[in-house]
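Engineer: Protein chains in written order, with the numbering used here: chain A, 43 to 115; chain B, 82 to 354.
After the structure tokens below, expect a handful of questions from me.
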């Protein structure tokens with residue numbers, strides 16, 4: 043199963059990744075980082091197709107997907 | 082843990098400590114455009130016979146212009162306000178083999194640098210202009226810009242803007258650019274493809290990307306990102322009827338004509354015979 047890799051220091055909690063995800067595999071979490079930004083988290087990664095759209099639209103280079111075969115995007 | 086693949090092109094550490102996270106506000110479109118541009122550059126480095134040293138990134142002043150020299154692990158220049166294209170022209174003349182990418186904003190390109198913008202297109206210099214258009218002056222406090230849509234409220238037009246806005250794509254096309262396209266931050270693959278085409282194109286390529294400024298528009302990034310597709314319509318479709326008042330997006334022109342260097346070289350070759 044694919045895995046969400048998030049750099050919590052770079053993330054600014056805009057949640058554009060959650061909006062862009064075409065299958066709804068990620069969602070906003072209740073966790074915040076040291077600056078108070080709400081972080082995204084895995085919702086149902088069985089739905090993740092590894093399209094890497096979250097990674098492409100991220101303004102802060104914080105989110106990426108590690109695919110099940112370990113090769114990543 | 083796996084890192085974002087584009088981080089290899091960014092300076093994560095500087096002499097004064099960590100440079101990232103980016104200075105931009107949460108949800109700013111400028112970071113997205115940097116991400117898209119790096120995706121395009123990554124493809125070029127993999128597919129074409131080009132090295133990192135063949136690229137130069139030049140920017141002026143403004144939110145968007147912080148992207149080049151502050152974060153990119155490429156040769157880059159941070160120049161005067163509006164004068165990025167003048168410096169890019171100079172870099173082009175000094176070394177015609179360079180691939181020059183200019184990051185600019187709507188204020189930088191259309192307001193203070195409007196003259197340089199028109200004449201770079203007219204001369205058809207071989208530069209790729211990536212223009213982030215958020216429709217206001219973000220860095221100085223959200224004032225009205227030449228690209229602010231009519232009726233839009235900003236900090237200096239609290240009852241709505243009375244001026245018509247500049248259509249930068251039509252301007253670039255009329256001035257003589259060889260490749261002109263407009264997209265929004267909600268069109269990631271189209272933007273990447275256009276920047277890729279623009280860098281490979283001989284001559285001036287102008288790519289305008291409508292970008293969100295959630296802070297000055299006082300709207301959440303997600304809502305602005307969602308609205309991007311609602312306020313635009315593909316160029317080939319009619320802008321009449323239900324699409325009236327929407328912004329056309331797509332490729333405005335893609336023509337072939339000799340650039341400045343080629344014409345100049347022709348004369349130099351004739352004279353040296």
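Think of the CB as a built atom: it goes at the ideal place given N, C-alpha and C, for glycine as much as any other residue.
Source: prediction; values computed, not measured.
Tell me, please, which residues DSSP counts as bridged to residue 262 (chain B).
Structural biologist: When beta bridges are read from the DSSP output, residue 262 (chain B) appears opposite B:288 and B:332.
Engineer: Taking Cβ positions only, does residue 113 (chain B) come closer than 8 angstroms to chain A?
Structural biologist: yes
Engineer: Using a Cβ cut-off of 8 angstroms (strictly closer), state whether residue 104 (chain A) contacts chain B.
Structural biologist: yes
Engineer: Quick check: the segment 278-288 of chain B against the segment 310-324 of chain B, are there 3 or more CB pairs under 8 angstroms?
Structural biologist: Flag = no, the segment 278-288 of chain B and the segment 310-324 of chain B do not touch.
Engineer: If you count every other CB in all the chains shown that lies within 10 Å of the CB of residue 54 (chain A), and 16 or more means buried, which is it?
Structural biologist: buried
Engineer: At a CB-CB cut-off below 8 angstroms, which residues of chain B make contact with residue 95 (chain A)?
Structural biologist: Within chain B, the residues placing a beta-carbon under 8 angstroms from that of residue 95 (chain A) are 269, ordered along the chain.
Engineer: Would you mind giving the Cβ-Cβ distance between residue 90 (chain A) and residue 62 (chain A), rounded to the nearest angstrom? I have them listed as a contact below 8 angstroms.
Structural biologist: No, residue 90 (chain A) and residue 62 (chain A) are not in contact; Cβ-Cβ is about 13 angstroms, not under 8 angstroms.
Engineer: Out of B:294, B:257 and B:331, point me to the one whose CA is closest to residue 339 (chain B)'s CA.
Structural biologist: B:257
Engineer: Verify the CB distance criterion: does residue 294 (chain B) have a CB-CB separation below 8 angstroms to chain A?
Structural biologist: no
Engineer: In whole angstroms, give me the CA-to-CA distance for residue 89 (chain B) and residue 348 (chain B).
Structural biologist: 42 angstroms
Engineer: In whole angstroms, what separates the C-alpha of residue 327 (chain B) from that of residue 214 (chain B)?
Structural biologist: 16 angstroms
Engineer: CB residue 249 (chain B) to CB residue 228 (chain B), shorter than 8 angstroms?
Structural biologist: yes
Engineer: Among all the DSSP beta bridges, which residues are the ones paired with residue 138 (chain B)?
Structural biologist: As DSSP reads the structure, residue 138 (chain B) sits in a beta bridge with B:157 and B:182.
Engineer: Whole-angstrom Cβ separation of residue 271 (chain B) and residue 261 (chain B), contact assumed at under 8 angstroms?
Structural biologist: The Cβ separation is near 14 angstroms, so there is no contact.
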